[in-house]
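Asks: My questions will all concern the structure given below.
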Amino acid sequence: MSAAMALAGLRLLGWGSLILQRNSMRWDGKVYEEVPIAHIKATYNNTHIQVVSFDNQPFSRTSCGTEGFQNAKKGTAIAAQTAAMAAAVKARGKGVLHVRVIVKGLGPGRKAAIKGLTMGGLEIISITDNSPVPHNGCRPRKARRV
């Protein structure tokens with residue numbers, strides 16, 4: 417069965433318009449690939465948030481340390497939420513309304529940073545977890561005994 421016959425069969429069923437059209441969902445007139453991206457890197461000691469355009473031109477960049485948190489307080493969820501709100505306000509000032517979120521790392525600021533972006537006025541379209549997972553590479557740190 418050739419591809420032309422398959423497409424003709426889809427048109428007869430009425431499904432051709434669903435499959436042949438490009439994604440019609442748009443946010444502020446932009447397709448999904450052109451929506452700005454908010455990168456969140458959550459480590460145990462700090463959380464970094466950067467909002468960039470689809471071609472990696474930065475809108476805003478901040479971390480818990482730049483927001484005034486020092487030492488062990490940088491690794492808390494409150495600090496991550498505050499930093500994310502600051503990044504969202506800066507990005508809103510440059511015209512960003514919708515973002516895709518890419519989260520990397522296992523720190524305590526993962527969920528708090530996402531909440532901070534929404535509290536700062538950005539609408540989140542999608543959340544992607546891009547945490548590095550070792551395939552039995554380096555030996556992990558020893559477990560804490562509290």
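Using our numbering, you'd call the opening residue of the sequence shown number 417 and step up by one each time. Here a beta-carbon is modelled for each residue, glycine too, at the ideal position from N, C-alpha and C. Here the structure is a predicted model, which is why all the values come from computation and not from measurement.
What would DSSP say about W506, mapped onto helix, strand or coil?
Replies: Looking at the sequence itself, residue 506 is Lys, so the reference to Trp does not match. If DSSP states are grouped into helix, strand and coil, K506 belongs with the helices.
Asks: Over the uninterrupted beta strand (DSSP E) stretch that includes R477, give me the two end residues.
Replies: It spans P474 to S479 - the beta strand (DSSP E) in which R477 sits, taken as one unbroken run.
Asks: Could you tell me the distance, in whole angstroms, from the CA atom of K531 to the CA atom of G553?
Replies: Looking at the two C-alpha atoms, the distance is approximately 33 Å.
Asks: Can you tell me whether Q473 is buried or exposed, with buried defined as 16 or more other CB within 10 angstroms of its CB?
Replies: It counts as exposed.
Asks: Closer than 8 Å is the cut-off here; do at least three beta carbon pairs connect the stretch 476-485 with the stretch 515-524?
Replies: The stretch 476-485, when compared against the stretch 515-524, does not touch it at the 8 Å Cβ threshold.
Asks: For F475 versus V447, is the C-beta distance shorter than 8 Å?
Replies: Going by C-beta atoms, F475 is not nearer than 8 Å to V447.
Asks: Let me make sure I understand the geometry here. Which of R560, R557 and K527 has the alpha-carbon closest to that of D545?
Replies: Nearest of R560, R557 and K527 to D545, Cα basis: K527.
Asks: Under a three-way DSSP split, which group does T498 fall into?
Replies: DSSP places T498 in helix when its eight states are reduced to three.
Asks: Once DSSP output is grouped into helix, strand and coil, what is the label at R526?
Replies: In the structure shown, R526 sits in a helix (DSSP, three-state: H, G or I).
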